[in-house]
Structures are given as structure tokens and as C-alpha cells.
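Numbering (our numbering), first residue to last: 502 to 725.
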């Protein structure tokens, strides 16, 4: 489409139009997979314009974390008397994304025949420098030490966006607290953790459904 072609034009540069910059674009697997059904986003021509990478996380951890955040948001809506018409179904089996990640990985791999950088979050936390060095090598980006650390800070635009989307303030602490308090990939032990809760049966069922897809993707991860 004209819009897509405009986005993909090499028009990002610093002073020299002959040396276009690369733009990092992140999206959820569920969103990209369903948005690309039946159109040229899934064509070889378009897919070859990108260097595709994947980040996965153990569903035992990611799905529980997702459920806690969604559940806390539901409670915030109750406390703020947010009308049903403004509420969203935040947590469901269709919103996890691991199955879609697998489908996209296979699609991209088969069409482009290119090597894909796939990172497991546990590896990134345990060995951030080794994983990032390999990741940068695979995507053709220079590794820099400053990639490993940052200043802990609250990102205001995240808070504004969350409040606008979900109609209650202070959701930042539900969805982004650990990220805003972190100073590096392996600083998880220094950020606040929510207390473990009791999960309903269907959460464990969703975890079980996604384990095979996660294990499949893990076979292709960056090894350090």
C-alpha cells in the first residue's frame, strides 16, 4: 500500500541521505499476526525489508505476570467505578501470543530463509552481555557497553498512555513498575516483586497450552 511503502522508504538519516539509519520497531505477535492476514505484510517482498527478531519468555512466568497485571487492572476499574462499556477483556487465551510467535517465526524463516535472532528472556537476564553481543552480531548492529545499563526512571508518556487507554490513573505501577525501577537486565532482584497469588485453573490450562509452542521456539534461541 502507499502508506506502507512510505514507512519502509529509507528516509531516516543524520545529514547524509545516502546512509539511511535503521529503525527499531516492536510489536506484539498477536497484533502483527492478525493484522497481516491476507495482505502483503506476509509477502516475501515485504518481510525481506526487515531484520526480524523475537523475544520469548517461559509461559509459567509470563502468563502469571500477565494475569496479575490484568487482575489488578480489573480491581482498579471496580474502585474507580469505570463503566462496563469502557472496560476491556485484558486476559484471555487468545491474547498470549506465543502460538502466534511460533507461526510468525516459521512463516518468516520459510519465506526469507534468513537467520533469525531469537532471545529467551531468562538467558537475557542471566547473561545479558553475552546475549546482547550475539544479538547485535546477528542483526548487524555495533554492540556497546551502555546497552547493558540505564537510569531507573518513570516514563511519563507510559503513564499518560495507560491512563488514556484504561480510564484510570496510576496503572503505571501495575504494568511498568519493575521496568521503571530496573537499571539493567540482570537487576531483577533489586526491583519490587508482587506477592504470589492463587491462580484459577484456567490460567494453568492456558500455560499448558502454550508450553509446546515455547519449547519449539526455544530450540532456535541464541545460545550462550
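Using N, Cα and C, we set each Cβ at its ideal position, and we do this for glycine too.
- Around the beta carbon of residue 651, fewer than 16 other beta carbons sit within 10 angstroms, so the residue counts as exposed.
- For residue 643 and residue 635, the gap between their C-alpha atoms comes out near 10 Å.
- With respect to the 8 Å criterion, residue 619 and residue 532 are not classified as neighbours on the basis of their beta carbons.
- Distance from the CA atom of residue 627 to the CA atom of residue 581, rounded to whole angstroms, is 39 Å.
- For residue 609, the enclosing alpha helix (DSSP H) begins and ends at 599-613.
- At least 8 Å separates the beta-carbon of residue 616 from that of residue 708.
- Here DSSP, grouped into helix, strand and coil, assigns residue 718 to helix.
- A residue is called buried when at least 16 other Cβ atoms come within 10 angstroms of its Cβ; residue 519 does not meet this threshold and is exposed.
- C-alpha of residue 711 to C-alpha of residue 604: approximately 13 Å in a straight line.
- Contact check for residue 559 against residue 623 passes: the beta carbons are separated by less than 8 Å.
- When C-alpha distances from residue 611 are compared across 553, 594, 577 and 566, the shortest belongs to 553.
- Here residue 621 is buried. Its C-beta has 16 or more other C-beta atoms within 10 Å.
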